[in-house]
Amino acid sequence: MPWDPFRALSDEQRRLLNAYQAMLLDFNRRINLVSRDADAEAVRMHCLHCLFLTHRRFLPGAVVVDWGTGGGLPAVPLAIACPDIQVVAVDKVGKKVQTLRAMIRRLGLANIRVWHGPAEALAEDTHAECTYSVSRATAPLRDLWGWHDRIARPFADPMAADTWRPGVICLKGGDLTDEIASIAGEADIERIELADMDPRPWFRDKAMLACTART
11 MPWDPFRALS DEQRRLLNAY QAMLLDFNRR INLVSRDADA EAVRMHCLHC LFLTHRRFLP
71 GAVVVDWGTG GGLPAVPLAI ACPDIQVVAV DKVGKKVQTL RAMIRRLGLA NIRVWHGPAE
131 ALAEDTHAEC TYSVSRATAP LRDLWGWHDR IARPFADPMA ADTWRPGVIC LKGGDLTDEI
191 ASIAGEADIE RIELADMDPR PWFRDKAMLA CTART
């Protein structure tokens, strides 16, 4: 039986996620937030994909930065599923930022904010900090690791087995050999095949990479 992150959601969280999916589908007809031909089932699968990040817990109070959020994937599903974290959704495209802010207002989510600008600018902000970085097929792993490393908070070990160690957790697909090699000298990298958790064809060749600094 496929692992189903929807089962762990409360009725209110399901309501919020359904409302977000409906808005994402509606706005996508005017602004390219996901693929133009995406229907309701495709949008649901995009959100399910993002919720694989909840396979383990995030530390309570953690700041989670989504680099290149677009229409809020994975930022919004994470904020809904994990109300005890703070999510920062980063994007440089003004129309996407305005649309995402409108959706967040309508959903009434208090644990997510949108940062408008290039990822490099946030990474160079001396006041910025994060516990985790997440991404869904938006940037090379080398870039994600560099941005995260510049603003990463220190953290205490050891972590519980069901909790992500602070670092970069990203959703990617295809041949990741070169990307993994690009940071192999700096980070410990765990690769989790999504097809092992959900055998449906949609998840074939998709993986989660959990990257943590070597101590």
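Residue numbers (our numbering): 11 to 225.
Where is the CB? At the ideal position from N, CA and C, for every residue including glycine.
Handout entry: Closest residue to threonine 187 among Ala217, Arg54, Arg160 and Asp208 (Cα-Cα distance)
Key = That would be Ala217, whose Cα lies nearest to the Cα of threonine 187.
Handout entry: aspartate 47 classed as buried or exposed, judged by whether at least 16 other C-beta atoms fall within 10 angstroms
Key = Answer is exposed; the Cβ neighbour count stays below 16.
Practice task
Go to threonine 222, then tell me how far its beta strand (DSSP E) extends in each direction, as first and last residue.
Solution key: That run of the beta strand (DSSP E) goes 216-223.
Handout entry: 7 Å Cβ cutoff met for valine 178 and cysteine 140
Key = For valine 178 and cysteine 140, no; Cβs fall outside 7 Å.
Problem - Between the CA atoms of leucine 69 and aspartate 172 - distance to the nearest angstrom - result: The straight-line gap from Cα to Cα measures roughly 10 Å.
Handout entry: Within the segment 98-146, ranges of the beta strand (DSSP E) (whole runs, at least 3 residues)
Key = DSSP assignment within the segment 98-146 yields the following whole beta strand (DSSP E) runs of 3 residues or more, N-terminal first: 122-126 and 142-146.
Practice task
On the DSSP bridge assignment, give the partners of leucine 181 in chain order.
Solution key: Leucine 181 pairs with Arg146 and Met218.
Handout entry: C-alpha gap between leucine 63 and leucine 88, whole angstroms
Key = Cα to Cα, leucine 63 sits roughly 8 Å from leucine 88.
Practice task
Check each candidate in Lys102, Phe213 and Ala223 and name the one with the smallest Cα separation from tryptophan 13.
Solution key: The residue with the shortest Cα to Cα distance from tryptophan 13 is Phe213.
Handout entry: Straight-line gap, glutamate 22 to glycine 80 (C-alpha atoms, nearest Å)
Key = Taking the straight line from one Cα to the other gives about 24 Å.
Handout entry: Cutoff 6 Å; reference histidine 158; Cβ partners in own chain excluding five residues on either side
Key = Non-local beta-carbon contacts of histidine 158 in its own chain, meaning distances under 6 Å to residues more than five positions away in sequence, involve Ser143 and Val178 in chain order.
Exercise for the section: Name the one or two DSSP bridge partners that isoleucine 199 has. Expected result: DSSP, once it has assigned bridges, lists Cys221 as partnering isoleucine 199.
Handout entry: Whole-angstrom distance between proline 209 and alanine 9, CA atom to CA atom
Key = Not covered by the structure: residue 9. The range shown for the chain is 11 to 225.
Handout entry: Helix, strand or coil at valine 75 according to DSSP, with G and I counted as helix
Key = Strand, per DSSP.
Problem - Contact check, valine 44 vs valine 74, beta carbons under 7 Å - result: No, the pair does not count as a contact, with Cβ atoms beyond the cut-off.
Practice task
Taking tryptophan 157 as part of the alpha helix (DSSP H), name the residues at either end of that continuous run.
Solution key: Start and end: 151-161.
Exercise for the section: Would you grab the beta carbon distance between glycine 78 and aspartate 101 for me? Rounded to a whole angstrom, and I think it's under 8 Å. Expected result: Indeed, because the Cβ distance is near 6 Å, the residues count as touching under 8 Å.
Practice task
Give the straight-line distance between the Cα atoms of glutamate 51 and threonine 225, rounded to the nearest whole angstrom.
Solution key: C-alpha separation (whole angstroms): 43 Å.
Problem - Selected residue, minimal CA-CA separation from isoleucine 41, among Leu181, Lys106 and Ala18 - result: Closest by alpha carbon: Lys106.
Practice task
Assign arginine 46 to one of three DSSP states: helix, strand, or coil.
Solution key: The answer is coil: DSSP assigns arginine 46 none of H, G, I, E or B.
Problem - Burial state of proline 15, where buried means 16 or more other Cβ atoms lie within 10 Å - result: Its Cβ being crowded by 16 or more others within 10 Å, proline 15 is buried.
Practice task
For serine 145, count neighbouring C-beta atoms within 10 Å of its own C-beta (all shown protein chains included) and say buried if the count is 16 or more, exposed if not.
Solution key: Within 10 angstroms of the beta-carbon of serine 145 lie 16 or more other beta-carbons, which makes it buried.
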